[in-house]
Amino acid sequence: MEKYIVVIPTYNEIENIRSIIEATLSQGPLFEVLIVDDNSPDGTADEVKKMMAEYDSRIHLLQRTGKLGLGTAYIAGFKKSIELGASHIFEMDADFSHNPNDLNRLLSPLLDGKANISVGSRYTKGGGIKNWPWDRLLLSYGASLYVRLITWLHVKDSTAGFICYESTVLKKIPLDKITFIGYAFQIEMKFAAVQNGFKIVEVPIVFADREKGKSKMHSGIILEAIKGVLTLRRRGFKKYYQTN
Ligand SMILES: Nc1nc2c(ncn2[C@@H]2O[C@H](COP(=O)(O)OP(=O)(O)O)[C@@H](O)[C@H]2O)c(=O)[nH]1
Ligand SMILES: [Mg+2]
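So for the sequence shown, our numbering puts the first residue at 51; every next one is plus one.
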C-alpha cells in the first residue's frame with residue numbers, strides 16, 4: 051500500500067511548524083508527516099500535539115530528550131517511518147527552504163520506476179537558490195565540487211537535504227553505521243545508497259533561505275563535512291556500507 055511519510059526534524063521551529071505541516075498534508079491524501087523534535091525550548095512539540103488532536107492520524111511525533119543533531123534525528127525518523135509502513139520516505143526541513151509543493155515532483159520519478167532515490171537539486175539544470183548570501187553560496191557550491199572530487203559520487207547536489215527514498219532503500223542501508231550529523235550526513239546517506247546499488251535521480255528545485263526562525267548551522271558542521279568526506283573515501287574502498 052502506498053503511504054508517503056515526510057520526516058521533518060525540528061529544533062525551535064514554532065514560527066514554521068503549523069504552516070509546514072498544513073502545506074505538507076495538502077499535497078495529497080497519501081501524505082503523512084513525522085516530526086522529530088529535540089525538546090525545542092520554544093514549545094514546537096506542544097504545537098504538534100495540538101495539531102494531532104485537531105487533525106486525523108496523519109501527523110506523527112517523535113520526541114527526543116535534547117538537541118542530538120540532524121543526522122540522528124533522521125535515522126530515528128526513518129526507523130519509525132518503516133515501522134509505520136511507509137512506501138516512500140522523505141527528508142524535508144521545517145523552514146520552507148524546501149517547498150512542500152515540490153514533494154510530488156520528487157516522488158514521480160520513483161513511482162515511474164526511473165530511480166530509487168530522488169534528490170531535490172540546486173545544482174542541476176533548472177535548479178537554484180533564492181536569497182542566500184554570497185558566502186553561503188560559495189561554501190555550498192565549493193562543498194559539492196569537493197565531494198565529487200574526493201568521493202566520485204555522481205550527484206551534483208550532494209549536501210542536499212530534500213530527498214525522497216523508496217522505503218526498500220532505507221531497509222537495506224545499514225542505518226546503525228550512519229555516523230555523521232550535519233551536511234556530512236546528507237553525503238553519507240547518498241554514498242551508502244550508491245554503494246548498495248541504488249539509483250539516484252536529481253530533480254531541479256529552487257531552495258529559498260528561511261524567512262522565519264534561526265539557522266542552526268555552525269562551524270563544527272562544516273569541519274565535520276570536510277573531514278567526513280575523507281572518511282567516506284576510505285570507507286568506500288572497504289565497501290563499509292554494503293549489505294548482502
Ligand atoms: N531534531 C533536530 N532538528 C534539527 C537539529 N538541527 C537542525 N534541525 C532542523 O533541521 C532543519 C534544517 O536546519 P537549519 O537550521 O534550517 O539549517 P540550514 O538550513 O543549514 O541553515 C530545520 O528543520 C531544523 O529545525 C537538531 O539538532 N535536531
Ligand atoms: Mg534551513
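Glycine residues also receive a C-beta, built at the ideal position from the N, C-alpha and C atoms.
From a predicted model like this one, the values you see are computed outputs, not experimental measurements.
Exercise for the section: Put TYR191 into one of helix, strand or coil per three-state DSSP. Expected result: DSSP places TYR191 in helix when its eight states are reduced to three.
Handout entry: Own chain partners of ILE67 with C-beta closer than 7 Å, once the 5 adjacent residues on each side are dropped
Key = Excluding sequence neighbours, ILE67 sits near THR60, THR94, GLU97, VAL98, ALA144.
Exercise for the section: Kindly list the residues whose CB is nearer than 8 Å to the CB of THR293, restricted to its own chain and excluding five residues on each side of it in sequence; keep chain order. Expected result: LYS222, ILE223, PRO224, ASN246, listed in sequence order.
Problem - Alpha-carbon to alpha-carbon, GLU216 and THR209 - result: If you draw a straight line from the Cα of THR209 to the Cα of GLU216, it comes to about 19 Å.
Exercise for the section: Indicate the three-state DSSP secondary structure (helix, strand or coil) for SER91 in the structure shown. Expected result: One point to set straight first is that residue 91 is Pro, not Ser, in the sequence displayed. DSSP places PRO91 in coil when its eight states are reduced to three.
Exercise for the section: Please classify VAL251: does DSSP put it in a helix, a strand, or coil? Expected result: If DSSP states are grouped into helix, strand and coil, VAL251 belongs with the strands.
Problem - Beta-bridge pairing of LYS180 - partner residues as DSSP gives them - result: Paired residue(s): ALA258.
Problem - Residues near ligand 2, criterion Cβ-heavy atom distance below 7 Å - result: The set, ordered by position in the chain, is ASP143, ASP145, SER147, ARG260, SER265.
Practice task
With TYR54 as the anchor, note down where its beta strand (DSSP E) starts and where it stops.
Solution key: For TYR54, the uninterrupted beta strand (DSSP E) segment begins and ends at 54-60.
Handout entry: Per DSSP, the bridge partner or partners of ILE109
Key = In the DSSP output, where bridge partners are listed per residue, ILE109 has VAL83.
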